[in-house]
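See structure below.
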Amino acid sequence: MTNPVSRREFLNLLGAYGGTSAVLQAGAALGFMPSSSQAAEISLKANNGKKVAILGTGISALTTAWELTKAGYDCTLLEASHRPGGRMFTVRAGTVIDEIGNYQRCEWDDDPHLYFNAGAARIPSIHSSVLKYCKELEVELQVFVNESKTAWVQDDAMNGGKPVRNTDYSSSMQGFISEMLSKSLGKEQLDSSLTESESEILLGMLRSFGDLNEDMLYKGSVRAGYGSGGFLDHGTKRDVIALRDLLKTRLAGNVMVTTQEGTGSGPLLMQPVGGMDRIIYAFANRLGDRIKFRAPVTEVMVKDDGVEVAYEQNGVTEVLKADYCFNCIPSHLMSGIPNNFPDDYSEALNYIRRGKAYKAAFQAKERFWEKENIYGGITWVNAPSAQIWYPPHNIHGKKGVVLAAYNFGGANYTEMSQEDRIEDFLAAGEKVHPNYREMAEKPITIAWHRMNHMLGCAPRWARVRGGWSEKEEAMYETLRKPVNGRHYLIGDQSTQHSAWMESAIQSAHYALADLDQRVRSEPA
Amino acid sequence: MKKLITATTVVLSALCSTVSLAAEGDVGVEASMDDRYCTTCHGAEGIGNIAIEAPRLAGMEAWYLKRQLENFRAGIRGTHAEDIQGIAMQPMAAKLSDESIDDIVGWVGEWEYVAAEITVDGNVNQGRTAYQSCASCHGANAEGNEALGAPALAGQNDWYMITQIKNFRAGFRGAHSEDTYGSQMLAMSKTLRDDQAVINVVSYINTLQK
Ligand SMILES: Cc1cc2nc3c(=O)[nH]c(=O)nc-3n(C[C@H](O)[C@H](O)[C@H](O)COP(=O)(O)OP(=O)(O)OC[C@H]3O[C@@H](n4cnc5c(N)ncnc54)[C@H](O)[C@@H]3O)c2cc1C
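Quick note, the sequences are listed as chains A and B, same order.
Just add 35 to the spot in the first sequence (first one is 1) and you have our numbering.
Just add 88 to the spot in the second sequence (first one is 1) and you have our numbering.
And the structure:
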């Protein structure tokens, strides 16, 4: 194997990122174990009979309604859609997909294992509030496999377009990185910043991380998968894919880190047995007819002593008068609903942009991935469809639902016809699994930008990468304060970490705490 | 539920006896699905929504509305690769039937005219001068002229009119060979020299709101 990156180049690279000492300083901070996050304890002043209007039935709204109902408030939820849950949406036999201009009905087999979480799908173990409600409402959870080393990476630019196992890719990448790093961290370099025992441990770690040989060189590893044998016969190493070839694909980042964000990452995540909407219906069934469906809000007027909400039901406009209002209607839809919010509040509301994301799925005739030793995890492809997820549940069952596309950022599926979307993910999947097209039954696609009553996948606050501006921070504070002490904006739009259920729930807890304080301080 | 120890436990337990996935709203869902989804984007009673860049429909002339829906459906409008907003609207009309279009035109007709909120602040005097060449088709009070096929402009969202005039000037709208009316407007849009002239004329149109 030739050494494709010189030591000098590598040190320059390190320097560009702040150099070793910067890395060490960052490392020092890791010495402090983050305290484990705990769900907030909600204890509201009970049974005051106050009327509350809750707009939308996103998880933030359902949390609010549930906590307030337990405390004896009189809640009414107004939901524009025929279903509760907003972005927590599970598709199974019979589900109607209300994408505007691309209405679909799911006709998969009627089987509890055959479902597809079209919105939220994964629960990280530190999302304590989500987990708290799953426990309280007896929503059964199971492990979700986010990363499988036997899943594939496919890019026409790499390996002649032939798919490579995740483990083949990542083991070699780890090997090369370790080799380069150990060479670069020469004696004099280490002496200046590390003690002898620290550098010994570091080099030992690098050897093990990269599976390097005695000379600290990467010469292939059985971790990449056996070339032959492995059980009755000695396992042999596979041919090493050259670093230069691994660097042909921009998927590298995804393959090496199956994590989306620091806080929501990890190979071990969770999902409710039977679909993410089990959480939604656990709330909704308990709230019963407090929820009005197909009741789009058409006006929100904050008064001195309460809130008046107009909504449509069966073609008639009704008005709901309440003491308080909690609103999770997406900000970009609120700007099309007449209201009397103060100017700075409206300005902040209109500032938030909406992100684009799409998913697709099909029912597989057979669990073909299991024949390829795959039992979960993600295959990465260089196509608009981007990802393939294999269901981690119902192993060795008859059929399974494969997530055939999941991507965010660009428009792609949003602007494609249903036929073109399906062709995109079939063509991409076929390069990985030769029988993919033949296995795919009854495909479903969902572009969140076009989903009725949502028109977006997640609120986007910051306009530039790398952080929030002062102006954005100020607008956020404006929106967190209730209008006139009566109207609360909730949902992940009202948090600094959008696109998580945990954030949406915590926004509800934050608003509830504020409400409770006001109620307690009222003269008796 | 067993673990709940609040005063409302009894009431709530009664409600959760069925662990159903069909909340009430799911029943008969398909029967009630129709093509009246316009307000999700165009705002309650079609008042327009700047965040979606979807203009006011309330008060729009039936003949103009019908023509636009038909043009979108046929791909005469909203198919130019750089017509970003038109591309968002085009698929919304692509599957409408003739009956559906008639139904929608009747439904939209029920919404009262409301003048859109003013968001631009150009030079009204210069805009007035520029508008003289528009008045022959759109009317002195921007009330529209059915005989000429030119819609009312008074009361329309100013941000929307700005996009449209820019799109006409750039050939993103009105350049399709079958867009008879759009092509007339495309020609007229060239009389406005630059972006500032567009803002000025729209600022003047803002003063004509009913
Ligand atoms: C593709 C995708 C993947 C995701 N993956 C994950 C994940 O793995 N893990 C995770 O934790 N989170 C994930 N999320 C994010 C998570 O789904 C959201 O953060 C959360 O569900 C937002 O809840 P919310 O309370 O803000 O309300 P929303 O879900 O935004 O609900 C808004 C509600 O308002 C209603 N509404 C709209 N207009 C009106 C009106 N005029 N009148 C009345 N009601 C109206 C809507 O119908 C809807 O019910 C994902 C989201 C998407 C889209």
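Glycine included, each C-beta is placed from N, C-alpha and C at the ideal position.
Since we're looking at a predicted model, the values are computed, not measured.
Residue-level contact to chain B via CB, residue i, 8 angstroms cutoff
i: A:Asn-429; result: no
i: A:Glu-175; result: no
i: A:Gly-371; result: yes
i: A:Glu-76; result: no
i: A:Cys-360; result: no
i: A:Ile-98; result: One detail in the question is off: residue 98 of chain A reads as Thr in this sequence, not Ile. With 8 angstroms as the cut-off, A:Thr-98 does not count as an interface residue toward chain B.
i: A:Val-499; result: no
i: A:Val-344; result: no
i: A:Glu-512; result: no
i: A:Tyr-253; result: no
i: A:Gly-288; result: no
i: A:Val-467; result: no
Identified DSSP bridge partners for residue i
i: A:Ala-396; result: A:Leu-438, A:Ile-479
i: A:Cys-141; result: Its beta-bridge partners do not exist; DSSP assigns none.
i: A:Pro-494; result: A:Arg-389
i: A:Asn-152; result: A:Thr-125
i: A:Trp-187; result: A:Arg-200
i: A:Phe-179; result: A:Leu-304
i: A:Met-21; result: Past the edges of chain A, shown from 36 to 559, lies residue 21 of chain A, and the structure says nothing about it.
i: B:Glu-149; result: In the DSSP output, where bridge partners are listed per residue, B:Glu-149 has none listed.
i: A:Leu-113; result: A:Leu-90, A:Lys-327
i: A:Cys-360; result: A:Ala-88, A:His-522
Which listed residue (the options) has its alpha carbon closest to that of residue i
i: A:Asp-145; options: A:Ala-497, A:Leu-547, A:Lys-477; result: A:Lys-477
i: A:Glu-173; options: A:Gln-422, A:Ala-421, A:Ala-439, A:Ile-315; result: A:Ile-315
i: A:Asn-194; options: A:Arg-329, A:Ala-534, A:Lys-466, A:Asp-312; result: A:Lys-466
i: A:Gly-210; options: A:Trp-535, A:Ile-135, A:Tyr-253, A:Ile-161; result: A:Tyr-253
i: A:Gly-445; options: A:Lys-391, A:Ala-383, A:Val-292; result: A:Lys-391
i: A:His-544; options: A:Val-165, A:Arg-456, A:Leu-237; result: A:Val-165
i: A:Arg-242; options: A:Arg-521, A:Ser-207, A:Gly-260, A:Thr-271; result: A:Ser-207
i: A:Ser-452; options: A:Phe-124, A:Asn-137, A:Asn-82; result: A:Asn-137
i: A:Gln-306; options: A:Asn-385, A:Ser-263, A:Pro-159, A:Ile-423; result: A:Pro-159
i: A:Val-337; options: A:Gly-432, A:Glu-347, A:Tyr-393, A:Val-354; result: A:Val-354
i: B:Met-121; options: A:Ala-259, A:Pro-302, A:Ser-232, A:Asp-133; result: A:Asp-133
i: B:Ala-240; options: B:Gly-147, B:Ile-138, B:Arg-124, B:Ile-140; result: B:Gly-147
i: A:Thr-125; options: A:Ser-381, A:Asp-312, A:Cys-363; result: A:Asp-312
Chain A contact for residue i (CB, 8 angstroms cutoff)
i: B:Pro-143; result: no
i: B:Val-289; result: no
i: B:Ala-139; result: yes
i: B:Glu-231; result: no
i: B:His-168; result: no
i: B:Gly-147; result: no
i: B:Met-121; result: yes
i: B:Leu-103; result: Reliability of the predicted coordinates at B:Leu-103 is poor, the pLDDT of 39 falling under 50, and the value obtained from them is presented with this limitation in mind. Judged by the 8 angstroms Cβ criterion, B:Leu-103 is in contact with chain A.
i: B:Ala-162; result: no
i: B:Val-286; result: no
i: B:Glu-200; result: no
i: B:Ala-228; result: no
Cβ shell of residue i (< 7 angstroms), same chain only, five flanking positions each side left out
i: A:Gln-528; result: Pro-365, Ser-366, Ile-387, Pro-494
i: A:Glu-114; result: Gly-91, Thr-92, Ile-326, Lys-327, Phe-328, Ala-330
i: A:Ile-77; result: Glu-102, His-544, Leu-547
i: A:Ser-263; result: Thr-271
Residue burial classification, residue i (beta-carbon count within 10 angstroms, cutoff 16)
i: A:Gly-435; result: buried
i: A:Val-335; result: buried
i: A:Leu-438; result: buried
i: A:Thr-414; result: buried
i: B:Trp-151; result: exposed
i: A:Met-240; result: exposed
i: A:Leu-304; result: buried
i: A:Phe-266; result: exposed
i: A:Asn-408; result: exposed
i: A:Gln-422; result: buried
i: B:Glu-205; result: exposed
Other residues of its chain near residue i: CB distance less than 6 angstroms, five sequence neighbours each side excluded
i: B:Glu-170; result: Phe-260
i: A:Val-180; result: Gly-411, Gly-412, Pro-427
i: A:Arg-389; result: His-367, Gly-491
i: A:Asn-248; result: Lys-254
Same chain, Cβ closer than 8 angstroms to residue i, neighbours up to 5 away in sequence not counted
i: A:Leu-322; result: Leu-97, Ala-100, Trp-101, Thr-104, Cys-110, Leu-112
i: B:Leu-157; result: Ala-181, Leu-184, Ile-189, Ile-192, Val-193
i: A:Thr-530; result: Ser-538, Ala-539, Gln-541, Ser-542
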